[in-house]
Amino acid sequence: MATTDAKARIGFDPVEFPHRYTDPRDVEVSALLAAALAYGRADLFRPKVDALLKQMGPSPAAFVRALDVAGAKALLTGFVYRFNVGTDLAVLLLGMGQALREHGSLEALFVRGWKTSGTLHGALAAFTAALRDVPMDALRKAMGPERGLHHLLPSPLGPGAAKRLNLYLRWMVRGPDAVDLGIWKQMPASALLVPLDTHIGRMALHLGLTKRTDLTWRTAEEVTASLRALDPEDPVRYDFALCHYGMSGACPAKTLPQHCASCSLLPSCKVGPRIVARGSVQF
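Numbering (my numbering), first residue to last: 733 to 1015.
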């Protein structure tokens, strides 16, 4: 995947938003907002993130530090994006502001859970639970009930792959490079888990990184373990390239022989050679 043009692809990726900022606190706040809403079609969620960040002004961190329920209502009344309404986003923004006031950074809040639990799953569970610890009664009275809060900030974390949370960690911990920002220094990249989605799941199956077909935490662990054999210190370095290879249409869900025949990954693929040999469509 060395041929992936990261700079060209970054405009199609939500990681573009934290790249707009230089202060680490602005980076981590804008990144969590972008990652939390990064579901569905990029051309639908990107305008939502962009509009919110513009309304938050030049420093998203300063904005959430000062945010209260009245300010959240002013910002988010009428906000809707698929599963989520304004109350859901208010919890996220108020939770980040509380974390900055109490811990100084989102990194410090995450690391507290990391040190206490000793596991990535436990650390993310503690992180989302802390972010959701905001005055819900006051929010509901001002803005109405939440609708998709568990989708936005899952708590309890459960058996799912937690793709967007692991994506956020990748941005914060890996790098800095052309894609990831590497502003969190207290967690090693070796401990990260691949942000498993449909694109990564398909690519992982085709390349023999897993035999599992479900998009669960266990599958993400299996894929990461396979990648760790290639790079023990930085196993998720391959995530951006693999994901965008699938997103770009180079490896579509319904693969045709002509796709596989021209694919640079064909020698390593477990599926492509059979499709080329049969000369027929195969999922």
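For glycine and all other residues, C-beta sits at the position ideal for the given N, C-alpha and C.
Extent of the continuous alpha helix (DSSP H) to which residue i belongs
i, result
"Val801", "Val801 to Leu808"
"Lys786", "Ala774 to Met788"
"Ala770", "Note, Ala770: premise wrong, no alpha helix (DSSP H); not H, not E."
"Gly907", "Per DSSP, Gly907 belongs to no alpha helix (DSSP H) and is neither H nor E."
"Leu913", "No alpha helix (DSSP H) contains Leu913, which DSSP labels as neither H nor E."
"Asp971", "Asp971 to Met979"
"Val705", "Shown here, the chain extends from 733 to 1015; a query on residue 705 therefore has no answer."
"Ala857", "Leu852 to Leu863"
"Ala936", "Thr930 to His938"
Through-space distance from residue j to residue i, alpha-carbon basis
i, j, result
"Pro908", "Glu954", "26 Å"
"Ala734", "Val911", "With a pLDDT of only 46 at Ala734, under 50, the local geometry of the prediction cannot be trusted, and the value read off the model is given with reservation. Going from the Cα of Ala734 to the Cα of Val911 covers about 14 Å."
"Arg778", "His976", "16 Å"
"Asp745", "Arg757", "20 Å"
"Ala936", "Val747", "22 Å"
"Arg1010", "Thr951", "29 Å"
"Val781", "Val905", "22 Å"
"Leu959", "Ser849", "24 Å"
"Ala921", "Phe795", "29 Å"
"Leu939", "Ala806", "48 Å"
"Ile932", "Tyr900", "16 Å"
"Pro766", "Pro867", "As written in the sequence, residue 766 is Ala, which differs from the Pro given in the question. If I take the Cα positions, the gap works out to 23 Å."
"Gln1014", "Met979", "Note that Gln1014 scores a pLDDT of 42, beneath 50, so its modelled location is shaky and nothing firm can be said."
"Cys1001", "Leu832", "45 Å"
"Gly880", "Leu897", "16 Å"
"Arg934", "Leu924", "20 Å"
"Met828", "Ala861", "12 Å"
"Trp916", "His853", "18 Å"
"Asp869", "Ala957", "43 Å"
"Asp865", "Glu834", "12 Å"
"Lys786", "Cys983", "35 Å"
"Gln918", "Glu760", "14 Å"
Per DSSP, the bridge partner or partners of residue i
i, result
"Gly892", "Thr948"
Backbone secondary structure at residue i - three-state DSSP
i, result
"Val812", "strand"
"Val761", "helix"
"Thr987", "strand"
"Val817", "strand"
"Glu834", "helix"
"Cys1001", "coil"
"Met875", "helix"
"Cys995", "coil"
"Pro964", "coil"
"Pro756", "helix"
"Phe749", "coil"
"Lys943", "coil"
"Asp869", "helix"
"Ser887", "coil"
"Met919", "coil"
"Leu925", "coil"
"Ala957", "helix"
"Gly1011", "coil"
"Gly827", "helix"
"Ala822", "helix"
"Ala840", "helix"
Near the ligand COA: residue i beta-carbon under 8 Å from a heavy atom
i, result
"Leu988", "Although the ligand COA was asked about, the structure shown includes no ligands whatsoever."
Contact with chain B by residue i, beta-carbon distance below 9 Å
i, result
"Pro1005", "Here there is only one protein chain, and chain B is not present."
Q) Looking at C-beta atoms only, is the number of pairs between the segment 942–953 and the segment 912–932 that lie closer than 8 Å three or more? A) The segment 942–953 vs the segment 912–932: in contact.
Q.
Quick test of the definition: if touching needs 3 or more C-beta pairs under 8 Å, does the segment 811–825 touch the segment 875–885?
A. A contact exists between the segment 811–825 and the segment 875–885.
Q. Is the segment 777–794 touching the segment 745–757, taking contact as three or more C-beta pairs under 8 Å?
A. Verdict: yes, contact present.
Q. Given 8 Å as the limit, is there contact between the segment 959–969 and the segment 990–1003, that is, 3 or more CB pairs closer than that?
A. With fewer than three CB-CB distances shorter than 8 Å, the segment 959–969 does not count as touching the segment 990–1003.
Q.
Under 8 Å: do the segment 983–993 and the segment 1002–1010 share three or more Cβ pairs, one atom per stretch?
A. Output reads yes: the segment 1002–1010 touches the segment 983–993.
Q. Can at least three beta-carbon pairs, one atom from the segment 869–882 and one from the segment 800–814, be found at a separation below 8 Å?
A. Judged by Cβ distances under 8 Å, the segment 869–882 makes contact with the segment 800–814, as three or more pairs qualify.
Q.
For the structure I just gave you, are there three or more beta carbon pairs, one from the segment 835–848 and one from the segment 805–821, closer than 8 Å?
A. In short, these stretches do not touch, since the Cβ pair count stays below three.
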